[in-house]
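K.L.:
Chains as they are written, first to last, in this note's numbering: chain B, 1 to 509; chain Z, 1 to 527.
Ideal Cβ positions, reconstructed from N, Cα and C, are used throughout, including at glycine.
Structure incoming, see below.
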Amino acid sequence: VALGALYLGKKLLLDNGGLKANATRLALKAARALPGASGIVEKQEREALEKINELVFEHEPSHMGSLTRLPEEGTSVEDLLQQLRICREEELDYREGKAFGGIYNNDEELEDMLRSVASLYLDSNALYPAIFPGLRKFEAEVIRMTLSMLHGDEESVGNMTSGGTESILMAMKTYRDRGREEFGITNPKIVIPASAHAAFVKGAHYFGYELVVVEEVKDYRVDVAALAAALDANTVMVVASAPSFPHGCIDPIEEIAELLKDMPQTGLHVDCCLGGFVLPFLTEIGVLEKKFDFLVPQVTSISVDFHKYGFSTKGTSAILYRNKEIRKHQYFTYVDWCGGLYCSPSLQGSRAGAPIACTYSILVYMGARGYREGIRKMHNTFTTIVNGINAIPGLRVLGPPDTCCIAYVSDDASLDIFKVADALSKFRWSVNRIQRPKALHMQVASRADFDHQQFLADLASAVQDVRDHPAEYEGGMAGIYGLAATLAEGGPDQLVGGLLGGYMDALMA
Amino acid sequence: ESIQDRFNNASSTQVALGTLGAVGVAYVTAKFLSDPEGFKQRLLGSLIQAARKVPGVAGAVNAELEKTLTDLEADLRIKDDDVIYSIPEEGWSHEKVLEVCRALKEAEDGRWRGGKVSGVVYHGGDEHTKMQNDVYSLFSLTNPLHPDVFPSIRKFESEIVSMAVNMMHGEEGVVGATTSGGTESILMGCKAHRDFYRKKKGITRPEMVIPVSAHAAFDKAAHYFGIKLVHTPLDKDFRADVAAMRKAITPNTIMVAGSAPSYAHGMVDPIPEIAALAQEFDVGCHVDGCLGGFLLPWFNELNESSIKLPLFDFRVPGVTSMSADTHKYGYSVKGSSVVLFRNRELRESMFFVTTEWPGGIYASPTIGGSRPGGLIAATWASLVSVGRDGFIRNARAIWETKEAIKAGVQKIDGLKLVGDSHSMVVAFQSADPKLNVFAVMQCMTDLGWSLNALQKPNSVHICVTYKHAGKQDAFLSDLQNSVNAVRSDPAKHTGGNAHVYGLAYGLPDRSTIREIIVGFLEICLKA
């Protein structure tokens with residue numbers, strides 16, 4: 001029964017019907033409740049976990065033993081570095097330009113510079129500006145440069161964080177407290193498009209928000225009328241993405257802003273984690289006309305990552321606000337601690353200094369021109385790929401996307417898009433599989449080593465191969481992702497949650 | 001880890017005078033009042049608040065506040081630097097970037113390399129630092145969010161956790177994760193217990209019972225995660241008062257906590273008693289070893305009869321989670337810590353999982369999404385390169401230095417210990433009403449030492465690190481000279497930071513203090 005339900009779920013999925021997905025969810029829940037059937041579901045779960053384990057451990061460095069306690073004697077620096085170099089060499093696959101892995105640039109000189117700067121500042125800690133005044137300067141100027149780029153005026157402010165998730169969490173903490181302290185709102189609500197980053201869901205879970213997800217879209221951008229219907233007096237925060245990670249689409253920010261004209265309690269947060277260093281330059285080269293940043297008067301905060309298209313080292317992002325009055329709600333102060341007066345601007349206490357110095361360095365090293373020229377090239381590649389995918393029979397790009405990311409689905413019921421991903425891996429391409437709807441996803445970075453013509457040719461071959469030899473692709477990774485995606489559509493949360501919990505356990509085993 | 005650390009190295013009389021001005025009303029009044037904690041203080045607090053509402057006074061106070069902050073800014077800012085307000089049109093060369101960074105870096109090295117700073121830099125050996133740099137460089141682009149692309153980072157992370165579990169005597173089943181620092185480790189410990197007990201007992205209005213000496217991050221966690229925090233007092237030895245904790249437990253309690261050791265006084269709370277409470281009431285018990293987690297276990301291996309620490313790790317039944325910073329006595333680079341859990345079920349309550357996101361099924365163990373793999377690799381390298389023997393050797397050097405400092409401070413007429421310094425922190429206060437301990441600290445600052453100012457009671461501490469090893473005689477003779485100097489000319493030394501701390505800590509109007517520190521944060525972030 002359970003298997004049947006799963007199977008049925010998959011069949012229904014292909015039709016993409018909302019109603020049918022609900023039916024699947026009910027069927028699955030019913031199946032789990034039946035004696036015996038839940039065992040079968042669990043077996044599927046177990047098998048999936050085994051596959052996940054394989055996936056995680058497949059590439060484990062094999063030349064080093066596994067440590068479970070501190071070695072009795074310390075390892076010599078020479079031996080250690082030797083072992084680590086081998087690890088690193090084994091990982092260099094991404095240099096082929098076929099695994100994306102969050103690498104946005106592969107310029108050797110740029111990497112060298114970041115390493116040199118990082119080693120200068122590796123000991124430093126931004127918690128102590130009096131001891132490390134250089135970090136204070138770097139952070140302040142990084143923020144100012146970023147605000148200028150996103151059209152913040154003199155009142156606008158911000159601070160650096162450890163990544164996009166922290167930037168988003170800090171904005172949510174700020175609006176929650178602002179709503180409570182300035183508007184007396186004790187049941188805060190956040191309204192987000194379904195395509196907004198998962199960190200907003202995380203924040204709602206952490207900070208006690210009522211989360212309203214607007215599922216309705218128009219061309220894969222949030223439907224403004226549906227979003228308007230979700231707003232109420234308790235809404236302290238509305239989110240728009242520029243662009244969204246799944247589909248590379250910019251939400252209609254100016255129209256959303258119009259809705260908020262008479263809602264002083266509601267902040268409008270634009271998530272530019274992905275596009276912060278892309279969109280300003282697309283505007284400059286005349287490709288983008290929409291306004292998305294502080295030029296839109298109702299936009300009160302923006303998150304932007306440096307470790308993506310800003311090319312900085314991992315662990316660097318910023319949260320920007322229209323003014324100090326909003327930002328002050330982000331601070332945490334505790335004046336009665338016996339350890340002294342305690343304050344911290346963001347989530348962390350001690351903060352690594354090296355990423356801050358690296359970010360300053362990369363901004364001045366690239367210069368506006370460096371970023372602009374890189375984005376010009378990236379945009380050309382992006383356009384070629386979108387057109388190229390649409391030209392392959394059976395495939396269709398969702399959106400159309402604005403920039404950065406491209407998601408494409410199968411338009412043909414006999415072609416399983418996840419099997420296409422398995423086929424692509426034979427050509428050593430590693431692509432993301434996404435859901436709701438089931439699609440393949442890629443991010444276009446500014447990497448010189450990425451051969452997009454080769455990618456399009458391999459994609460066409462992969463589609464052909466799945467059509468010609470469908471049997472070869474039964475039971476591959478498509479099975480796991482298909483199961484997971486199916487469950488996400490209709491399955492009981494605890495089952496999918498269990499799979500993911502198992503995945504994380506495997507990561508940390 | 002507090003604002004004083006920042007004030008500390010600010011050389012400035014201007015800062016002090018400015019702050020003094022800002023709280024001028026309080027200062028004058030405080031002169032006439034000597035009971036800092038009681039009724040008069042509360043009365044004074046409301047008087048100041050009221051005074052600030054009077055138009056003329058408000059303007060004057062605000063002007064002084066402004067001036068304090070301007071002075072503070074002048075002190076934190078690098079003199080005559082070129083400030084950049086927008087991305088330069090043309091990028092700088094690789095050489096120019098390095099030149100600028102190197103110059104700034106070298107200018108600030110003097111602020112800590114002399115080994116006179118409390119805490120902050122825990123190892124600082126040149127060879128160790130170079131190794132950390134090399135390892136970080138190798139892995140600078142890696143990100144554990146992509147374990148398929150960077151399998152070695154997964155290996156390092158899981159082994160860091162295993163080594164920490166083993167060090168904390170965790171049996172089979174004890175698990176953990178690495179985080180970006182002590183704050184995140186504590187946040188995650190609290191979040192896991194909140195979600196665990198919501199599921200287990202249906203508690204929707206969670207409370208935590210935390211001794212006042214516990215790290216401020218517990219307050220942050222309470223504030224972030226909607227947990228009511230109940231503070232309990234300390235006993236006469238500056239350790240958690242377990243009887244008071246017992247009284248504070250309610251049916252909504254999800255967690256109690258203790259420190260091993262506390263930041264302010266370096267005291268290890270009576271963890272076995274606190275954990276027994278946790279077992280009795282079926283709540284969690286978090287042991288915060290952020291500061292000393294990678295030091296205390298090695299003290300126990302020194303076989304010194306003078307070492308009398310209670311059990312504080314997973315050998316104590318009832319302890320459900322622990323935090324320990326690798327970037328402190330694990331001698332790793334900044335931005336690394338671990339959080340450990342008694343079992344997988346509790347750790348799972350830390351995880352965040354969402355199944356509905358169109359970008360894919362999304363799961364992350366801790367707060368971050370993308371995380372810097374270079375820091376994880378460097379942390380792993382630090383642990384294996386130091387090794388057990390190295391940790392024990394360093395622990396011995398730290399212990400001996402601390403014991404010498406502790407004995408020396410007890411011999412200085414006019415000072416007395418706060419608590420009995422049974423780990424690596426020596427906290428002391430004045431035993432003589434005529435001797436202002438913050439004035440002594442100011443003298444030490446003038447001699448190049450950077451110590452931490454504490455409140456409740458007003459006191460000063462040094463957190464002994466490996467960088468201090470062998471410097472006990474220099475410290476003690478400077479401390480004796482400082483006490484002598486303050487005694488011989490109290491007026492001369494009551495300016496400077498002494499007044500800032502004395503006033504800030506005695507100031508009954510806490511909202512004014514909050515304003516000052518918010519101003520401080522804003523200065524830090526101003527271009």
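Would you identify the three-state DSSP class for residue 524 of chain Z, choosing helix, strand or coil?
P.N.:
Within the second sequence, the letter at position 524 stands for residue 524 of chain Z. In this structure, residue 524 of chain Z counts as helix in the three-state DSSP scheme.
K.L.:
Judging by CA-CA distance, which residue of Z:430, Z:471, Z:466, Z:490 is the nearest neighbour of residue 453 of chain Z?
P.N.:
Here the question's residue 453 of chain Z lines up with position 453 in the second sequence. The candidate whose alpha carbon is nearest that of residue 453 of chain Z is Z:430.
K.L.:
What residues in the region 434–460 of chain Z have a beta carbon less than 7 Å from any beta carbon of chain B?
P.N.:
452, 453, 454, 455, 456
K.L.:
To the nearest angstrom, how far is it from the Cα of residue 212 of chain B to the Cα of residue 354 of chain Z?
P.N.:
Here residue 212 of chain B is taken as the residue at index 212 of the first sequence, counted from 1. Here residue 354 of chain Z is taken as the residue at index 354 of the second sequence, counted from 1. Cα-Cα distance, rounded: 14 Å.
K.L.:
Drop a sphere of 10 angstroms on the beta-carbon of residue 416 of chain B, count the other beta-carbons inside from all chains shown, and report buried for 16 or more, exposed for fewer.
P.N.:
On the first sequence, position 416 is the one that residue 416 of chain B refers to. When all chains shown are included, residue 416 of chain B counts as buried.
K.L.:
Taking the alpha carbon of residue 158 of chain B as the point to measure from, which residue in B:456, B:419, B:326, B:441 has its own alpha carbon closest?
P.N.:
Taking the first sequence and counting its residues from 1, the one referred to as residue 158 of chain B is at position 158. Ranked by Cα distance from residue 158 of chain B, the options B:456, B:419, B:326, B:441 are led by B:326.
K.L.:
Show which residues of chain Z have a CB atom less than 9 Å away from the CB atom of residue 155 of chain B.
P.N.:
Translated into the one-based positions of the first sequence, residue 155 of chain B becomes position 155. Here the premise fails: no neighbours, minimum Cβ distance about 12 Å.
K.L.:
Residues of chain Z with CB closer than 8 Å to the CB of residue 113 of chain B, please, in chain order.
P.N.:
Start at 1 with the first residue of the first sequence, and residue 113 of chain B comes out as number 113. The contacting residues are 94, 97, 98.
K.L.:
For the 8 Å Cβ check, are there 3 or more pairs between the region 346–365 of chain B and the region 109–119 of chain B?
P.N.:
yes
K.L.:
Tell me the residue span of the alpha helix (DSSP H) that contains residue 104 of chain Z.
P.N.:
Counting from one through the second sequence, the residue named residue 104 of chain Z turns up at place 104. Counting along the chain, residue 104 of chain Z sits inside the alpha helix (DSSP H) bounded by residues 94–109.
K.L.:
Please tell me whether residue 216 of chain Z and residue 230 of chain Z are closer than 8 Å, where the distance is taken between their beta carbons.
P.N.:
For this step, residue 216 of chain Z is matched to residue 216 along the second sequence. For this step, residue 230 of chain Z is matched to residue 230 along the second sequence. No, they are not a contact pair.
K.L.:
Do residue 408 of chain B and residue 440 of chain B have their CB atoms nearer than 8 Å?
P.N.:
Here the question's residue 408 of chain B lines up with position 408 in the first sequence. Here the question's residue 440 of chain B lines up with position 440 in the first sequence. Yes, they are a contact pair.
K.L.:
Kindly say whether residue 323 of chain Z, judged by its beta-carbon, lies nearer than 8 Å to any beta-carbon of chain B.
P.N.:
The count along the second sequence starts at 1 and reaches residue 323 of chain Z at position 323. Closer than 8 Å: no.
K.L.:
Quick check on residue 250 of chain B - is its C-beta less than 8 Å from some C-beta in chain Z?
P.N.:
Taking the first residue of the first sequence as 1, we reach residue 250 of chain B at position 250. Not an interface residue.
K.L.:
Kindly indicate which three-state DSSP category residue 391 of chain B falls into: helix, strand or coil?
P.N.:
Looking up residue 391 of chain B in the first sequence gives position 391. Of the three classes helix, strand and coil, the one that applies to residue 391 of chain B here is coil, per DSSP.
K.L.:
List the whole-angstrom C-beta distance separating residue 178 of chain Z from residue 161 of chain Z, where the pair is believed to meet the contact cut-off of C-beta under 8 Å.
P.N.:
Position 178 of the second sequence, counted from the start, is the residue given in the question as residue 178 of chain Z. Position 161 of the second sequence, counted from the start, is the residue given in the question as residue 161 of chain Z. A Cβ-Cβ distance of about 7 Å is found for the pair residue 178 of chain Z and residue 161 of chain Z, placing them in contact under the 8 Å criterion.
K.L.:
Going by CA-CA distance only, name the one from B:418, B:433, B:436, B:432 that's closest to residue 462 of chain B.
P.N.:
For the purposes of this step, residue 462 of chain B is taken as the residue at position 462 of the first sequence. Answer by Cα proximity: B:418.
K.L.:
For residue 386 of chain B and residue 406 of chain B, I'd like the C-alpha separation in whole angstroms.
P.N.:
Numbered from its first residue, the first sequence carries residue 386 of chain B at position 386. Numbered from its first residue, the first sequence carries residue 406 of chain B at position 406. Cα to Cα, residue 386 of chain B sits roughly 7 Å from residue 406 of chain B.
K.L.:
Residues of chain Z with a CB under 8 Å from the CB of residue 159 of chain B: which are they?
P.N.:
Along the first sequence, read from residue 1 onward, the residue named residue 159 of chain B stands at position 159. Per Cβ cutoff of 8 Å: 525.
K.L.:
From this set, Z:438, Z:293, Z:263, which residue's C-alpha is nearest residue 391 of chain Z's C-alpha?
P.N.:
Here residue 391 of chain Z refers to the residue found at position 391 of the second sequence. Residue Z:293 is the option with its Cα nearest to residue 391 of chain Z.
K.L.:
For residue 454 of chain Z, name the three-state secondary structure that DSSP assigns.
P.N.:
On the second sequence, position 454 is the one that residue 454 of chain Z refers to. Strand at residue 454 of chain Z.
K.L.:
Given that a residue counts as buried once 16 or more other Cβ atoms are within 10 Å of its Cβ, and exposed if not, what is residue 203 of chain Z?
P.N.:
Numbered from its first residue, the second sequence carries residue 203 of chain Z at position 203. By the neighbour-count rule (16 or more Cβ atoms within 10 Å), residue 203 of chain Z is buried.
K.L.:
Per DSSP, what kind of secondary structure is residue 77 of chain Z in: helix, strand or coil?
P.N.:
Within the second sequence, the letter at position 77 stands for residue 77 of chain Z. Residue 77 of chain Z: coil per DSSP, three-state reduction.
K.L.:
Looking at the strands, I want to know which residues DSSP matches up with residue 396 of chain B.
P.N.:
Your numbering for residue 396 of chain B matches position 396 in the first sequence. Here residue 396 of chain B is bridged, per DSSP, to B:409.
K.L.:
Tell me whether residue 265 of chain Z is buried or exposed, calling it buried when 16 or more other Cβ atoms sit within 10 Å of its Cβ.
P.N.:
For the purposes of this step, residue 265 of chain Z is identified with residue 265 of the second sequence, where counting begins at 1. Residue 265 of chain Z should be labelled buried.
K.L.:
Run through DSSP, which three-state label would residue 519 of chain Z get?
P.N.:
The residue given as residue 519 of chain Z occupies position 519 in the second sequence. Helix at residue 519 of chain Z.
K.L.:
Below 7 Å CB to CB, which residues in the same chain sit around residue 148 of chain B once its five sequence neighbours on both sides are set aside?
P.N.:
For the purposes of this step, residue 148 of chain B is taken as the residue at position 148 of the first sequence. Nothing listed; no residue qualifies.
K.L.:
Quick check on the burial criterion: 16 or more other C-beta atoms within 10 angstroms. Buried or exposed for residue 310 of chain B?
P.N.:
In the first sequence, residue 310 of chain B corresponds to position 310, counting from 1. By the 10 Å Cβ count, residue 310 of chain B comes out buried.
K.L.:
Would you kindly check if the distance between the Cβ of residue 461 of chain Z and the Cβ of residue 401 of chain Z is under 8 Å?
P.N.:
Here residue 401 of chain Z is taken as the residue at index 401 of the second sequence, counted from 1. Here residue 461 of chain Z is taken as the residue at index 461 of the second sequence, counted from 1. No, the Cβ-Cβ distance between residue 401 of chain Z and residue 461 of chain Z is not below 8 Å.
K.L.:
Alpha carbon to alpha carbon, how far is residue 37 of chain Z from residue 458 of chain Z?
P.N.:
In the second sequence, residue 37 of chain Z corresponds to position 37, counting from 1. In the second sequence, residue 458 of chain Z corresponds to position 458, counting from 1. Summary for residue 37 of chain Z: the model assigns pLDDT 40, below 50, so the residue's position carries little reliability, and this model does not support an answer.
K.L.:
Which class does residue 333 of chain B belong to by DSSP, given the choice of helix, strand or coil?
P.N.:
Position 333 of the first sequence holds residue 333 of chain B. Strand.
K.L.:
Who are the near neighbours of residue 83 of chain B in its chain, counting only those whose CB is closer than 6 Å to its CB and skipping five residues on each side?
P.N.:
Counting from one through the first sequence, the residue named residue 83 of chain B turns up at place 83. Taken in chain order, the residues that qualify are 64.
K.L.:
Using beta-carbon positions only, say whether residue 213 of chain Z and residue 234 of chain Z come within less than 8 Å of one another.
P.N.:
Sequence index remark: in the second sequence, residue 213 of chain Z carries index 213 (1-based). Sequence index remark: in the second sequence, residue 234 of chain Z carries index 234 (1-based). Cβ atoms of residue 213 of chain Z and residue 234 of chain Z: closer than 8 Å.
K.L.:
According to DSSP, is residue 136 of chain Z helix, strand or coil?
P.N.:
The residue labelled residue 136 of chain Z in the question sits at position 136 within the second sequence. Here residue 136 of chain Z sits in helix by DSSP.
K.L.:
Could you give the C-beta distance for residue 234 of chain B and residue 188 of chain B, rounded to a whole number, given that I count them as a contact under 8 Å?
P.N.:
As a first step, residue 234 of chain B must be located in the first sequence, where it is residue number 234. As a first step, residue 188 of chain B must be located in the first sequence, where it is residue number 188. Between residue 188 of chain B and residue 234 of chain B the Cβ distance is about 6 Å, and since that is below 8 Å, they are a contact.
K.L.:
Below 8 Å, can you find three or more Cβ-Cβ pairs linking the region 155–175 of chain B to the region 317–331 of chain B?
P.N.:
yes
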